[in-house]
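Residue numbers (full-length UniProt numbering): 1 to 952. Backbone N, C-alpha and C define an ideal beta-carbon position, used for all residues, glycine too.
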């Protein structure tokens with residue numbers, strides 16, 4: 001097995017020290033925390049994964065707990081300790097390099113794109129600018145490597161100072177952590193809370209100060225002798241912070257705090273200790289101060305490099321001796337390190353600016369000689385810290401760092417490098433170009449506020465030409481759309497597009513695409529239509545992929561507005577470009593938009609084929625972000641066509657993938673679909689939970705379309721529960737939103753048929769008839785079977801006379817061509833209810849039986865109860881709702897089973913679902929057990945639904 005020279009494709013991985021700098025010792029107090037860590041270790045050893053993020057202020061004891069965990073886990077598995085460092089925070093995947101250093105990467109047999117992504121992330125390719133890769137693919141590769149390593153022994157990955165790690169590494173670790181299940185991997189992280197750098201959403205254990213008894217015990221164990229009142233004051237001022245309890249009594253500045261009056265509010269522990277350490281630094285010789293400065297600026301550098309730099313300023317390594325005596329540094333098995341990160345901060349802050357610049361220059365020179373995966377980045381950043389003003393050569397070096405970072409999806413690192421490069425640029429033109437690049441990469445990395453600030457700086461320079469100005473406005477539009485101002489985004493982007501139309505049509509076309517998205521998101525239906533028509537006119541006669549996409553966008557908007565002709569205008573040739581290889585890779589994700597168009601037109605087979613193509617492409621690329629659309633939109637198809645268990649599982653997966661990828665709009669989109677599924681099933685609590693999440697996000701983003709969809713779903717839920725007044729309130733709000741947005745299409749934005757039914761059940765037949773008229777107008781214009789069916793059902797409900805039979809029969813005839821079993825069952829229920837009240841029990845029983853069977857098979861609990869009660873009133877004897885095989889499976893078991901039943905192997909199932917192979921095997925084992933199967937070939941038949949028929 002390889003260790004320190006692991007290879008991917010023959011390239012050695014860079015190594016750096018990862019040993020913890022604090023021995024575990026004997027912890028005082030922390031009984032609950034130690035118990036939780038013990039549970040984590042036991043869980044992992046027993047075969048299940050566990051994750052824990054420890055948070056707290058500086059000195060609170062996070063590192064000590066990690067050291068305790070490492071000591072507790074070492075006899076029972078393989079421990080991989082890594083610490084984040086400030087020096088590498090701007091170097092993408094520097095932390096991941098340390099994590100993977102001791103592991104055998106080849107053994108994981110990574111799939112092509114995951115292998116490529118990891119090679120690019122770890123700078124193991126021969127090219128200077130590796131092809132961009134989805135950064136979540138790196139997380140998937142990490143998952144494969146960790147779970148493979150755990151096949152021999154349990155693996156415990158222990159990450160300290162996560163707040164100092166580079167953002168791409170943290171994102172990759174979090175992605176893998178959320179997918180660990182039955183993999184014998186334990187993940188322990190520790191971090192300070194930083195409002196400017198949100199921590200991953202993982203199970204947390206916040207640390208607070210020691211209780212009074214434990215604080216006194218700790219001070220006694222360190223032979224700290226104070227008078228009773230002084231001890232009480234120290235405990236009060238420190239809040240039980242262990243590091244402060246140990247160090248404050250021995251520090252002159254801290255003692256001043258101890259002796260202060262009771263009315264003095266203590267400053268933060270970090271600043272107290274940092275100032276106190278700084279005073280100790282001030283008392284050292286200049287040689288020792290130089291030694292500490294180099295240690296602070298080169299926390300993880302090779303000792304030879306560090307000593308070379310020290311010799312350049314005339315300092316020998318023994319200068320660390322007095323610093324060790326002053327208890328500022330400690331000697332560890334891998335070299336010298338600071339007693340605490342606050343010491344390093346104090347050293348850098350106390351050093352004269354001229355000393356810091358000279359140190360950075362010397363470090364840059366040393367980095368140029370050493371080489372390695374991160375040498376260029378180190379050199380560029382240290383040079384940037386050494387110069388006094390604009391320097392084009394340093395700016396170019398930083399721009400090179402930015403290009404490399406963006407190439408491995410290290411967008412946060414790229415934005416920082418571009419921004420600093422812009423600050424050092426000599427020419428205004430280069431400054432503007434680099435600021436625009438910084439804003440683009442910041443936005444790509446989810447740093448919306450930072451991107452907006454950079455664009456404000458760019459506007460202040462006044463150095464952009466028309467093309468750059470158009471790009472900037474397009475980016476502003478995307479930021480405003482995501483940031484809650486889609487209407488403003490539409491106004492800006494559309495105005496800029498029309499300004500550039502005469503001179504820069506290609507740039508105008510991209511702006512129109514941004515304006516289209518903003519208009520739809522804001523619920524500006526007519527404006528969205530105008531934008532798409534302008535774009536279509538601009539590409540008239542063209543057969544390029546963008547032209548095909550514009551025609552599809554226009555067709556989709558016309559359909560959403562409830563107008564006819566959209567289906568005929570849908571450019572099916574755009575999809576053909578995929579198979580013919582004429583579509584550029586950057587445009588391939590747009591195929592999902594076209595598939596969505598097929599979906600809202602109820603052309604489910606065509607949509608599913610397109611989603612399958614995009615899903616295969618996403619799996620090949622290892623792109624979790626790209627997988628969001630085919631998974632989420634296929635879930636919508638499954639919901640419409642009656643595969644509700646698959647729909648629920650798919651929407652859950654898409655929601656998680658969208659969350660990981662930072663696609664906030666798609667998070668809301670999948671939550672509104674989950675709202676609709678739960679509403680149809682009658683799952684009240686879950687429906688309201690998803691509705692509240694979606695509405696909160698939609699209101700903050702100004703996404704009226706999401707509100708429209710959610711209020712329609714809430715109306716359906718309340719209708720099924722018999723809460724007619726509440727149902728009408730929700731559905732009337734949906735109608736108001738449909739009118740305001742212009743998105744009146746009644747089969748996708750479901751509210752009109754539901755509101756007609758609610759009115760009819762309240763005896764408000766005139767109101768129901770008004771809705772029936774709206775539906776009939778759409779049916780006459782579109783001639784879509786589902787719209788025809790809904791209109792006829794509404795007419796059947798709206799009439800108070802006995803001549804409703806023809807309406808319902810027309811509705812059922814149209815349903816036969818619509819592939820919407822739930823809607824067909826609702827029509828059968830309504831028809832059966834009216835027949836029973838007319839005393840036509842035999843015919844009523846036939847339709848009610850059909851509706852009960854469908855509702856039962858779908859798992860529409862509330863509607864099943866309604867049909868059950870109506871059938872019982874006709875004299876039918878009924879069993880309980882039949883359980884399908886899918887009812888026995890959890891959502892993830894169902895996802896695994898469906899893919900396995902399609903003939904996909906375990907490795908591909910893992911790749912498609914972004915989980916480990918071992919997790920796939922675990923879930924399949926449960927599937928076989930629950931369904932009573934012995935082989936994979938039995939899966940397709942076992943997953944088919946076969947509801948019981950009632951006894952009549």
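For this session: Excluding the 5 residues preceding and the 5 following residue 547 in the sequence, name in chain order all residues of the same chain whose CB lies nearer than 7 Å to its CB.
Result: Within the chain shown, the letter at position 547 stands for residue 547. Excluding positions up to five away in sequence, the list reads 539.
Which ranges would you report for the alpha helix (DSSP H) in the region 457 to 482 if only whole runs of at least 4 residues count? 466 to 482
**Asked** At which residue ranges does the region 632 to 685 contain complete alpha helix (DSSP H) runs of 4 or more residues, listed in the order of the chain?
**Response** 644 to 661, 664 to 681
Q: Could you spell out the range, first to last residue, of the beta strand (DSSP E) harbouring residue 205?
A: The sequence position of residue 205 within the chain shown is 205, counting from 1. Following the DSSP letters along the chain, one finds residue 205 inside the beta strand (DSSP E) bounded by residues 204 to 206.
So, residue 827 versus residue 815, is the Cβ gap smaller than 8 Å?
As a working mapping, residue 827 is identified with position 827 in the chain shown. As a working mapping, residue 815 is identified with position 815 in the chain shown. Contact: yes.
With the cut-off set at 8 Å, would you say residue 479 and residue 441 are in Cβ contact? Within the chain shown, numbered from 1, the residue matching residue 479 stands at position 479. Within the chain shown, numbered from 1, the residue matching residue 441 stands at position 441. Going by C-beta atoms, residue 479 is not nearer than 8 Å to residue 441.
- Message: With DSSP as the reference, identify every bridge partner of residue 190, one or two as the case may be.
- Response: Taking the first residue of the chain shown as 1, we reach residue 190 at position 190. Looking at the DSSP assignment, residue 190 forms a beta bridge with 54.
**Prompt:** The alpha helix (DSSP H) spanning residue 846 covers which residue range?
**Reply:** Your numbering for residue 846 matches position 846 in the chain shown. Counting along the chain, the alpha helix (DSSP H) containing residue 846 begins and ends at 841 to 858.
Exercise. With a cut-off of 8 Å on the beta carbons, I'd call residue 182 and residue 47 a contact; round off their distance for me.
Key: Translated into the one-based positions of the chain shown, residue 182 becomes position 182. Translated into the one-based positions of the chain shown, residue 47 becomes position 47. Contact holds; Cβ gap of about 6 Å.
- Query: Between the C-alpha atoms of residue 353 and residue 293, what's the straight-line distance to the nearest angstrom?
  - Reply: Here residue 353 refers to the residue found at position 353 of the chain shown. Here residue 293 refers to the residue found at position 293 of the chain shown. For residue 353 and residue 293, the distance between alpha carbons rounds to 12 Å.
Please determine, among 894, 755, 910, 314, the residue with the shortest C-alpha to C-alpha distance to residue 928.
Along the chain shown, one-based indexing puts residue 928 at 928. Of 894, 755, 910, 314, the residue nearest in Cα terms is 894.
Of the residues 707, 307, 791, the one placed nearest residue 733, counting alpha carbons only
On the chain shown, position 733 is the one that residue 733 refers to. By alpha-carbon distance to residue 733, the top candidate from 707, 307, 791 is 707.
**OP:** Give me whichever residues DSSP pairs with residue 156 in a beta bridge.
**Re:** Start at 1 with the first residue of the chain shown, and residue 156 comes out as number 156. Residue 156 is bridged to 79, 186.
**Asked** Taking the C-alpha atoms as reference points, what is the distance between residue 926 and residue 630?
**Response** By one-based count along the chain shown, residue 926 stands at place 926. By one-based count along the chain shown, residue 630 stands at place 630. If you take the alpha carbons of residue 926 and residue 630, they lie about 27 Å apart.
Go ahead and label residue 166 buried or exposed: buried means 16 or more other beta carbons lie within 10 angstroms of its beta carbon, across all protein chains shown.
-> For the purposes of this step, residue 166 is taken as the residue at position 166 of the chain shown. Per the 10 Å Cβ criterion, buried.
Span of the beta strand (DSSP E) holding residue 337? On the chain shown, position 337 is the one that residue 337 refers to. Residues 335 to 338.
Notebook entry, point to check: Since residue 953 is in the beta strand (DSSP E), which residue starts that stretch and which ends it?
Noted result: Since the first residue of the chain shown is 1 and the last is 952, residue 953 is not available in this structure.
message: If you reduce the DSSP assignment to three classes, tell me which class residue 65 lands in.
response: Your numbering for residue 65 matches position 65 in the chain shown. If DSSP states are grouped into helix, strand and coil, residue 65 belongs with the helices.
- Query: What's the call for residue 941, buried or exposed, on a 16-neighbour Cβ count within 10 Å?
  - Reply: By one-based count along the chain shown, residue 941 stands at place 941. Its Cβ having fewer than 16 others within 10 Å, residue 941 is exposed.
Query raised in the report: Does the region 107 to 118 come within contact of the region 136 to 145, defined as at least 3 CB pairs closer than 8 Å?
Result: yes
Whether or not the region 654 to 669 and the region 627 to 641 are in contact is what I'm after, with contact meaning three or more pairs of Cβ atoms, one per stretch, closer than 8 Å; do they touch?
yes
Pair every Cβ in the region 76 to 86 with every Cβ in the region 217 to 231, then say whether three or more of these pairs are closer than 8 Å. no
Note to self: Pop quiz: residue 245 and residue 218 are said to be a contact at Cβ under 8 Å. What is the actual Cβ separation, rounded to whole angstroms?
What the structure shows: Translated into positions along the chain shown, residue 245 becomes position 245. Translated into positions along the chain shown, residue 218 becomes position 218. With a beta-carbon spacing of about 6 Å, residue 245 and residue 218 fall inside the 8 Å limit used to define contacts.
Review point. How long is the line joining the alpha carbons of residue 335 and residue 160, rounded to whole angstroms?
Key: As a working note, residue 335 is residue 335 in the chain shown. As a working note, residue 160 is residue 160 in the chain shown. C-alpha separation (whole angstroms): 18 Å.
Q) Based on the DSSP output, what are the partners of residue 331 in its beta bridges? A) Stepping through the chain shown from its first residue, residue 331 is reached at position 331. DSSP lists 336 as partners of residue 331.
Using the Cα positions of residue 553 and residue 595, report the straight-line distance between them to the nearest angstrom. As a working note, residue 553 is residue 553 in the chain shown. As a working note, residue 595 is residue 595 in the chain shown. For residue 553 and residue 595, the distance between alpha carbons rounds to 11 Å.
Taking 8 Å as the CB-CB limit, is residue 938 close to chain C? Absent here is chain C; the protein component of the structure consists of one chain.
* Under a three-way DSSP split, which group does residue 431 fall into? -> Within the chain shown, numbered from 1, the residue matching residue 431 stands at position 431. Three-state result, residue 431: helix.
Quick one: using the 10 Å Cβ neighbour count with 16 as the cut-off for buried, is residue 39 buried or exposed?
As a first step, residue 39 is located in the chain shown; it is residue number 39 there, counting from the start. With fewer than 16 Cβ atoms within 10 Å of its Cβ, residue 39 is classed as exposed.
By the three-class DSSP mapping on this structure, what secondary structure does residue 294 have? In the chain shown, counting from the first residue as 1, residue 294 sits at position 294. Residue 294: helix per DSSP, three-state reduction.
>> For residue 348, report the span of its alpha helix (DSSP H) as first-last.
In response: Residue numbering aside, residue 348 sits at position 348 when the chain shown is read from its first letter. Run containing residue 348: 341 to 350, per the alpha helix (DSSP H) assignment.
Discussion item. Helix, strand or coil, according to DSSP, for residue 819 in the structure here?
Written reply: The residue you call residue 819 lines up with position 819 of the chain shown. In this structure, residue 819 counts as coil in the three-state DSSP scheme.
> Where residue 317 and residue 324 are concerned, what is the direct C-alpha to C-alpha distance, given to the nearest angstrom?
Replying inline: As a first step, residue 317 must be located in the chain shown, where it is residue number 317. As a first step, residue 324 must be located in the chain shown, where it is residue number 324. Residue 317 and residue 324: Cα-Cα distance of roughly 12 Å.
**Buried or exposed by the 16-neighbour rule on C-beta atoms within 10 Å, applied to residue 526** = Residue mapping note: residue 526 aligns to position 526 of the chain shown, counting from 1. Exposed.
#### Entry: Contact the region 68 to 77 vs the region 277 to 292: 3+ CB pairs below 8 Å
no
Nearest-angstrom Cβ-Cβ length linking residue 988 and residue 470, presumed shorter than 8 Å:
Shown here, the chain extends from 1 to 952; a query on residue 988 therefore has no answer.
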